[in-house]
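These notes concern the structure reproduced below.
Residue numbers (the working numbering): 3 to 324.
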């Protein structure tokens, strides 16, 4: 119990003048209140806290605790490291393993020693009392779940989006498959595709939004596993489509203009004038309806932006129309 450990550490510091090292494995499992309870003892020097986590500390560790810590990233084990670990594991099981089976296990471990040993344990159970063969390893890997934490979720969806943005169809489909195989919510994937269609393609290909929405609707109508085809078709279309972030830049710039504007008012000629007496207030006076002008609609000379924006950089892309 952490509370008892802190009490003993306080006594040790008071009686012997020595601080205590407290190691917390999987600290991401601690609730916010539990992490907060550690903070006073860390600040006062009663304990030296060492926390280990397989998750992203920026998501799972409280900011106050994180700001008082030094972060060390432990890199995945190399294939050689995993190989040595597996050989010790096989020896402990009293079996032998074929070279190709050992190589496959080491390569498929993803640098995760625990995952490799779990797969080895299954392979040994399948093989006993014979040598562990590649068939046993393949069967074991088929029952071994993919490593997929919260950090992986954000990393893989990022890779999926960036692959579509780069028009790399093969990579986009691969990362889509990774998301699906890892059990990610397909509705989340579909929503990201809809956002991508407007943010990264926009008017460069307006049909992209239609395709993304259709893929999302197909997902809800059909469901997995068949809907993987609809999501894959949508991802391929988005990856192959011409790219342009002009729509995104337009709304971001416009919102920035609004936030930085001081009491921006609607120009009088654009105000509502449907009620009696509106013209006496100057509302709607001077408005030119494009429908009433025989010229091209875009040639009607009329201001639509507030007067307060004059003299400021109001950047608008000419690419709105594709």
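We put the CB at the ideal spot given by N, CA and C, even for glycine.
Backbone CA spacing between residue i and residue j [nearest angstrom]
i           : j           : result
residue 115 : residue 84  : 6 Å
residue 4   : residue 71  : 18 Å
residue 239 : residue 193 : 15 Å
residue 201 : residue 211 : 10 Å
residue 56  : residue 75  : 10 Å
residue 303 : residue 294 : 13 Å
residue 138 : residue 93  : 17 Å
residue 31  : residue 11  : 22 Å
residue 15  : residue 22  : 8 Å
residue 167 : residue 105 : 35 Å
residue 289 : residue 184 : 57 Å
residue 109 : residue 252 : 46 Å
residue 49  : residue 41  : 10 Å
residue 306 : residue 198 : 29 Å
residue 207 : residue 270 : 36 Å
residue 280 : residue 261 : 29 Å
residue 77  : residue 61  : 19 Å
residue 43  : residue 58  : 23 Å
residue 172 : residue 131 : 42 Å
residue 140 : residue 117 : 14 Å
residue 243 : residue 214 : 12 Å
residue 155 : residue 186 : 8 Å
Backbone secondary structure at residue i - three-state DSSP
i           : result
residue 27  : strand
residue 54  : strand
residue 134 : strand
residue 18  : helix
residue 154 : helix
residue 117 : helix
residue 274 : coil
residue 127 : helix
residue 258 : helix
residue 4   : helix
residue 323 : Bear in mind that a pLDDT of 48 at residue 323, under 50, signals an unreliable position, so the number given afterwards is only what the model happens to contain. Note: residue 323 maps to helix in three-state DSSP.
residue 266 : coil
residue 405 : Residue 405 lies beyond the residue range present for the chain, which begins at 3 and ends at 324; the question has no answer from this structure.
residue 284 : coil
residue 168 : coil
residue 144 : helix
residue 291 : coil
Spatially closest choice to residue i from the options, by CA coordinates
i           : options              : result
residue 67  : 187, 106 and 45      : 45
residue 39  : 63, 181 and 254      : 63
residue 224 : 189, 18 and 251      : 189
residue 170 : 122, 245 and 102     : 245
residue 103 : 292, 287, 88 and 257 : 88
residue 335 : 90, 154 and 111      : Nothing can be reported for residue 335: it is not among the residues displayed for the chain, which extend from 3 to 324.
residue 182 : 162, 199 and 198     : 162
residue 91  : 69, 123, 61 and 101  : 123
residue 340 : 96, 121 and 97       : Here the chain comprises residues numbered 3 to 324, so residue 340 is not present and cannot be evaluated.
residue 27  : 255, 37, 250 and 177 : 37
residue 177 : 186, 158 and 191     : 158
residue 386 : 155, 73 and 125      : Outside the displayed span of the chain (3 to 324) sits residue 386, for which this structure offers no information.
residue 47  : 228, 34 and 20       : 20
residue 226 : 292, 179 and 156     : 179
Beta carbon of residue i nearer than 8 Å to that of residue j
i           : j           : result
residue 221 : residue 233 : yes
residue 175 : residue 216 : no
residue 25  : residue 52  : yes
residue 29  : residue 65  : no
residue 308 : residue 267 : yes
residue 284 : residue 248 : no
residue 142 : residue 128 : yes
residue 86  : residue 133 : no
residue 160 : residue 196 : no
residue 135 : residue 241 : no
residue 263 : residue 273 : no
Interface flag, residue i vs chain B, CB-CB below 8 Å
i          : result
residue 25 : The structure shown contains no chain B; it holds only a single protein chain.
Scan the region 29-113 and note each continuous alpha helix (DSSP H) run of 4 residues or more that stays entirely inside, going in chain order.
Counting whole runs of 4 or more residues, the region 29-113 contains the alpha helix (DSSP H) stretches 34-46, 59-62, 65-69, 81-95 and 101-109.
Threshold first: 4 residues or longer. Then list the alpha helix (DSSP H) segments lying entirely within the region 171-254, N to C.
Runs found: 171-183, 188-198, 209-224 and 229-242.
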